[in-house]
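Counting from 1, position 244 in the sequence shown corresponds to residue 233 in the working numbering; the numbering is continuous, with no gaps. Beta carbons: idealized from backbone N, C-alpha and C, even for Gly. Remember, it's a predicted structure, so these values are computed and weren't measured experimentally.
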Amino acid sequence: MTVPVFRFAPSPNGHLHLGHAYSALLNQQMARDAGGRLLLRMEDIDRERCTPELEQTMQEDLHWIGFDWEKPVRRQSEHFPVYSEALDRLIDMELVYPAFLSRGEIKHEIENLGGNGGWPRDPDGALLYPPTDRQLSNAERERRIGEGQPFSWRLNMDRALEHIGEPLFWTELAPENRAVETAPRVWGDVIIARKDMPTSYHLSVVIDDALQGITHVVRGKDLFEATSVHRLLQRLFDIEPPLYHHHALILDHDGEKLSKSRKDTALRSLRQEGVTCQEIHAMIGL
């Protein structure tokens, strides 16, 4: 019988807040109820914003709220060659292409294509990448790369969906283990990696979950839509998908998602103000 494996995977680019506490402790509670394992992963591919000092602070705060995980901690920054190998597979399958447009150029190109205000946006509100770079010849791509032009690797969404040729689903545990049909097309040609970083959140999270044997992904509902991209990548890499539970978010007084930049909900600040671990659990309803 397979032992369930859960994980909490923050990015050490700021201080943990009450929303992180809820997600971490919910993972712990569900892992214990299932008789499973609980892992901690640091999603620190952004080496400019993620620091060892912030990771140390996170681990201290997690210990303080009673979160206990298996050692060692997996750090994504230590596994870039693994993600590079996965990227190479997608390149060999001709499912990704180098994309050269900056944010400003994306908007300008869309205007040239007559998109203006009617151009579609992804679930995060970003304009979908125009088809311009898809149509470049291999010679032109090689010329630009050879000249040192900055670029990112984007998934050719149409080609990827044609490659799998079938609808994809994931199992959402609540409510009632329902099957959710994916809709990755709404994301357009998502970024898979960058010139100076052989991965992105989408790629690294899929590869890590597979390598760590994660069976249950418990995370905030703000990542619900992103699961469509993750299921697509799992299918392209022949990865068995985990079960998913996208939990409700802890919101501020204005009904907005909490931010790492806000001190009033940061665990570190609350601890310094004399709030107890038990009071934290009560605040988040666990």
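Under a three-way DSSP split, which group does S248 fall into?
By 1-based counting over the sequence shown, the position of residue 248 is 259. S248 falls in the coil class under three-state DSSP.
Coarse secondary structure for H234, derived from DSSP in three states
Along the sequence shown, one-based indexing puts residue 234 at 245. For H234, the secondary structure class from DSSP, reduced to helix, strand or coil, is strand.
Assess contact between the stretch 151 to 162 and the stretch 188 to 198, defined as three or more Cβ pairs (one per stretch) separated by less than 8 Å. Is contact present?
no
May I have the straight-line CA-CA distance separating D57 from P164, to the nearest angstrom?
The count along the sequence shown starts at 1 and reaches residue 57 at position 68. The count along the sequence shown starts at 1 and reaches residue 164 at position 175. Their Cα atoms are separated by approximately 27 Å.
Measuring straight from C-alpha to C-alpha, what distance separates S0 and V62?
Within the sequence shown, the letter at position 11 stands for residue 0. Within the sequence shown, the letter at position 73 stands for residue 62. About 13 Å.
Return the residue from the list L15, V71, S141 and E42 that minimises the CA-CA distance to D198.
Reading the sequence shown from its first residue, position 209 is the one you call residue 198. Of L15, V71, S141 and E42, the smallest CA-CA separation from D198 is found for V71.
Compute the beta-carbon to beta-carbon distance between P109 and L102, rounded to the nearest angstrom, for a pair I have assumed lies under 8 Å.
Along the sequence shown, read from residue 1 onward, the residue named residue 109 stands at position 120. Along the sequence shown, read from residue 1 onward, the residue named residue 102 stands at position 113. That pair is no contact at about 12 Å.
Does the pairing of the stretch -5 to 10 with the stretch 240 to 260 give three or more beta-carbon distances under 8 Å?
yes
Straight-line CA distance for E44 to H270?
The residue labelled residue 44 in the question sits at position 55 within the sequence shown. The residue labelled residue 270 in the question sits at position 281 within the sequence shown. Cα-Cα distance, rounded: 22 Å.
Relative to the alpha-carbon of R208, which residue among Y233, D227, F226 and R224 has its alpha-carbon at the smallest distance?
Taking the first residue of the sequence shown as position 1, residue 208 is located at position 219. Measuring from the Cα of R208, the nearest candidate turns out to be Y233.
Any 3 or more C-beta pairs closer than 8 Å across the stretch 71 to 86 and the stretch 213 to 220:
no
Smallest Cα separation from E229: which of F140, T204, A182 and A75?
As a first step, residue 229 must be located in the sequence shown, where it is residue number 240. Minimum Cα distance to E229 is reached at T204.
Where R257 and L51 are concerned, what is the direct C-alpha to C-alpha distance, given to the nearest angstrom?
Sequence index remark: in the sequence shown, residue 257 carries index 268 (1-based). Sequence index remark: in the sequence shown, residue 51 carries index 62 (1-based). Straight-line Cα distance between these residues: approximately 10 Å.
Just to confirm before moving on: does the CB-CB distance between L221 and L150 stay below 9 Å?
The residue given as residue 221 occupies position 232 in the sequence shown. The residue given as residue 150 occupies position 161 in the sequence shown. By the CB criterion at 9 Å, L221 and L150 fall inside the cutoff.
Taking R143 as the reference, give the member of L15, R133, E59 and R123 with the closest Cα.
As a working mapping, residue 143 is identified with position 154 in the sequence shown. Of the listed residues, the one whose Cα sits closest to R143 is R123.
Using a Cβ-Cβ cut-off of 7 Å (strictly less than) and excluding sequence neighbours within five positions of V(-8), which residues of its own chain qualify?
Translated into positions along the sequence shown, residue -8 becomes position 3. Here the set comprises G25 and R26.
For T188, count neighbouring C-beta atoms within 10 Å of its own C-beta (all shown protein chains included) and say buried if the count is 16 or more, exposed if not.
The residue given as residue 188 occupies position 199 in the sequence shown. Label assigned to T188: buried.
Alpha helix (DSSP H) containing F(-3): first to last residue?
Here residue -3 refers to the residue found at position 8 of the sequence shown. Where F(-3) is concerned, there is no enclosing alpha helix (DSSP H), although the beta strand (DSSP E) it sits in stretches over V(-6) to F(-3).
Taking the alpha helix (DSSP H) that V71 belongs to, which residues open and close that run?
Along the sequence shown, one-based indexing puts residue 71 at 82. Note, V71: alpha helix (DSSP H), F69 to D81.
Considering just the uninterrupted stretch of the alpha helix (DSSP H) at P41, what are its terminal residues?
Taking the sequence shown and counting its residues from 1, one reaches residue 41 at position 52. Start and end: P41 to W53.
State buried or exposed for I153, treating a residue as buried only when at least 16 other CB atoms are found within 10 Å of its CB.
As a working note, residue 153 is residue 164 in the sequence shown. Around the C-beta of I153, fewer than 16 other C-beta atoms lie within 10 Å, and the residue is accordingly described as exposed.
Since P87 contacts R130 with CB under 8 Å, what's their CB separation in whole angstroms?
Stepping through the sequence shown from its first residue, residue 87 is reached at position 98. Stepping through the sequence shown from its first residue, residue 130 is reached at position 141. P87 to R130, Cβ: 5 Å. Contact.
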